[in-house]
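Residue numbers (the UniProt record's numbering): 1 to 304.
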C-alpha cells in the first residue's frame, strides 16, 4: 500500500473548509495559491478581507495533528527553526517560517478544531478491516442505529474512555452507517490510498472551529515589546536544540521547545523548534476572531 501523506491530506481538507465555509463570510475576494515556490514562501491564499482595501498574503495554520484535534491547546506555535534543525549550526541556518526574512506571509489564519468526527481503518485479529469511528460531540450517534438499518446484530466495540466505536467494514454496514449517521471520508472507500491506523476527516466532519485572523507584523511587534525580538528568539531557539525546552520570561509566550513526533503535535520525523504563544496574545491583537458551530458563525468572540 503506498504511503499517503497525512499532513498534506489534512492541509487540503482545511483549505476546502476555509474556502467553502470561512472566506465567504469574511472576505470579498480569495484565491488559492497553487505554486509550490510561493507556498514555500508562505502563500496559502491571497485574500481581501472585508475590512482591508487590498488583498493580503495569507498562511493558514491549524492545530490539526492527532494530539490537538478535539482537544485544542489554548496556545498557538510559531516556528523558529524548521524540521532539519540538526543542520542549523548558526542563526542563518534553516530558519523557521515565523522569523525567516524571506517569508512573505502578511496574515495568519489560525485554526483550532474542538469538534470533529474522525475515521480510520484498522485490522482485527482475523486480519479483517474494520472502521473505527470517533463521533463529534455534535453527532447524535448510537451503535443501534446501524444494527437497525442492516437488521443484524453487529459486533460493536466501544471504548467508553474516548467514545470510540468499531464497525465491520462491509458494503452493507458502511451503507447503513452513511445513511443513519454521516458520510465517511471518501479516501477510506479507496483503501489502497488510505493508511491503516491514520485518522481521516473531511470538511463536513468539522462541526466546530475557532479562528483568529492576525497580522504577522503585529505578532512580531507584540513579542518584541515583551523582550522576544528576532535575535532573542533565534538565540533561545538554538539553545532549545540542545536543552529541549527554554524559558522565555514572557507573559506573551510560554517557552521555546524542540517538538518531536505526534505526541507533541508534530508529524512523524519532524523536529521543529517552536515558540509556544499564549492565546491571549493573539486575541488582543487579532483583526477578527470567529467561532463556527454547526454551520453558523459568531464574530469577535473570545475563543478560549
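Beta carbons are placed, not taken as given, at the ideal position from N, Cα and C, and that holds for glycine. From a predicted model like this one, the values you see are computed outputs, not experimental measurements.
- Under the DSSP assignment, residue 233 falls in the alpha helix (DSSP H) whose first and last residues are 230-243.
- With a cut-off of 8 Å on Cβ pairs, the region 10-28 is in contact with the region 198-207, counting three or more such pairs.
- Using a C-beta cut-off of 8 Å, the region 241-255 makes no contact with the region 171-185, since fewer than three inter-stretch Cβ pairs fall below that distance.
- Between the C-alpha atoms of residue 164 and residue 293 there is a straight-line separation of about 22 Å.
- Counted as a single uninterrupted DSSP element, the alpha helix (DSSP H) harbouring residue 24 occupies residues 23-26.
- Under the three-state reduction of DSSP output, residue 56 falls in the strand class.
- Here DSSP, grouped into helix, strand and coil, assigns residue 141 to coil.
- 106 is the residue among 77, 106, 282, 111 whose C-alpha sits nearest the C-alpha of residue 216.
- For residue 99, DSSP records no beta bridge to any residue.
- The C-beta distance from residue 277 to residue 291 rounds to 20 Å, too long to fall under 8 Å, and the pair is not in contact.
- By DSSP's assignment, residue 123 forms a beta bridge with 129.
- The way I'd put it, the region 63-80 doesn't touch the region 39-55; fewer than three beta-carbon pairs between them come closer than 8 Å.
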